[in-house]
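Novice:
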Amino acid sequence: MYENGKIELSMGIHNGKREKPIIAYASNLPQGMIKEIECCYDNGWYLAVTYEDGQEAKAYQPGRSVGVDLGEIHTMGAFCENGQALLITGRKVRSLHRLRNKKLTEIQRCPSKCQKGSRQWKKYERAKRYVLSKSERQLRDALHKTTKQFVDWCLAQSGSDVYIGKVEGVQRNTRKKKRANRKQAQKISNWSFGKVKQYLAYKLAQHGIRLKEVEEAYTSQTCPVCQKRRKVSTRTFACSCGYEEHRDIHGARNILSKAVHQNIIPWKVPTKLTYLRIA
Ligand SMILES: [Zn+2]
């Protein structure tokens, strides 16, 4: 690598001969110690740069506990033991999912006469790869923004321990007959749940905040006051005993309750609700 942004990518040795390096130019390389530069292909060539930003992760310092519930309507719902609650709307993520699926169905209408390996088939395959990689990039971006917002909120609450449900049955109200249609949606939401966790893990670690998984069985369905279970399909979890709470805050608080008290117990009413969305 040179000062002027010129990069020589070593091609290694093939058949005992050292291959000529590939030369690339990059105008805005990140500041810091560059560890690795890879040349990748994803509908066009690009460079993937791995570097040290020089920022050491902060050490863990005991603070407050936070429960997180991941969902469809709100990508993230959170509740801190200080009584503050957070909702980050998933509208953007949802519309990206929808757009992606819509485009995929359009492309998949490849006529039946379209033979595998044929020119037309290749054309459809290319288009499919394009849609997938583009929408994946957009989704990644949206999830990065979402998790960043959460981490900032968490810092403002002096959070030190974050509890998140183990992902299992994501779509809690899946009905059998709708299953086929939803399979694709399920797949993608599992994908984004996994990504959210992955991003959270390293973003929180940077600030010395711990992330732990909690068995989330029934946390969304159980009333913390009378322990009765019910499935919710509306925005509010309302129990016959009179308990009522926004469904995602309800979920996040029950997860926190389970982590801290090993049980789902009635806990503070949120003192403040922060509502965020990503642009
Ligand atoms: Zn109840």
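Just so we're aligned, residue 1055 is where the sequence shown starts under the working numbering, counting upward by one.
Beta carbons are placed, not taken as given, at the ideal position from N, Cα and C, and that holds for glycine.
Keep in mind that this is a model prediction, so the values were computed, not measured.
Tell me which residue opens and which closes the beta strand (DSSP E) that THR1200 is part of.
Specialist: Element bounds for THR1200: not the beta strand (DSSP E) but the alpha helix (DSSP H), 1173-1210.
Novice: Straight-line CA distance for ASP1195 to LEU1150?
Specialist: 11 Å
Novice: Take GLU1062 as the anchor and find which of ASN1136, LYS1071, HIS1068, PRO1075 has the nearest alpha-carbon.
Specialist: PRO1075
Novice: Which stretch, first to last residue, makes up the beta strand (DSSP E) that contains GLY1213?
Specialist: 1213-1219
Novice: Taking only heavy atoms of ligand 1 into account, decide whether any of them is closer than 8 Å to the Cβ of SER1294.
Specialist: yes
Novice: In or out: GLU1090 buried (at least 16 other Cβ within 10 Å) or exposed?
Specialist: Classification of GLU1090: exposed, given that the 10 Å Cβ count is below 16.
Novice: Consider the C-beta atom of TYR1272 and the heavy atoms of ligand 1; say whether any pair is separated by less than 8 Å.
Specialist: No, the Cβ of TYR1272 stays beyond 8 Å of every heavy atom of ligand 1.
Novice: Just checking VAL1314 against ligand 1 - is the residue's beta carbon closer than 8 Å to any of the ligand's heavy atoms?
Specialist: No, the Cβ of VAL1314 stays beyond 8 Å of every heavy atom of ligand 1.
Novice: Which residue from ALA1259, SER1246, LYS1157 puts its Cα closest to that of GLN1109?
Specialist: ALA1259
Novice: Do GLN1203 and ILE1263 have their CB atoms nearer than 9 Å?
Specialist: no
Novice: Which whole runs of the beta strand (DSSP E) in the segment 1056-1121 are 3 residues long or more, in chain order?
Specialist: 1060-1063, 1076-1079, 1087-1095, 1099-1106
Novice: When burial is assigned at 16 or more other CB atoms within 10 Å of the CB, is ASN1069 buried or exposed?
Specialist: The residue in question, ASN1069, is exposed, as its Cβ has fewer than 16 Cβ neighbours within 10 Å.
Novice: Could you give the C-beta distance for ALA1078 and CYS1093, rounded to a whole number, given that I count them as a contact under 8 Å?
Specialist: 7 Å
Novice: Taking 8 Å as the cut-off, is the CB of TYR1095 close to at least one heavy atom of ligand 1?
Specialist: No, Cβ of TYR1095 sits at least 8 Å from all heavy atoms of ligand 1.
Novice: Which parts of the segment 1242-1295 are runs of the beta strand (DSSP E), unbroken and 3 residues or longer, counting only runs that do not cross its ends?
Specialist: 1264-1268, 1290-1292
Novice: Under 9 Å, do SER1119 and ASP1206 count as touching if we go by C-beta distance?
Specialist: no
Novice: Under a three-way DSSP split, which group does THR1325 fall into?
Specialist: Residue state, collapsed to three classes: coil.
Novice: Rounded to whole angstroms, what's the CA-CA distance from GLU1160 to ALA1313? Just pull it up for me.
Specialist: 45 Å
Novice: Decide if ALA1306 is buried, meaning its Cβ has at least 16 other Cβ atoms within 10 Å, or exposed.
Specialist: buried
Novice: Beta-carbon within less than 6 Å of PRO1116's beta-carbon, same chain only, minus the 5 sequence neighbours each way: which residues are those?
Specialist: SER1214
Novice: Can you give the Cα-Cα distance for TYR1217 and THR1288, rounded to whole angstroms?
Specialist: 24 Å
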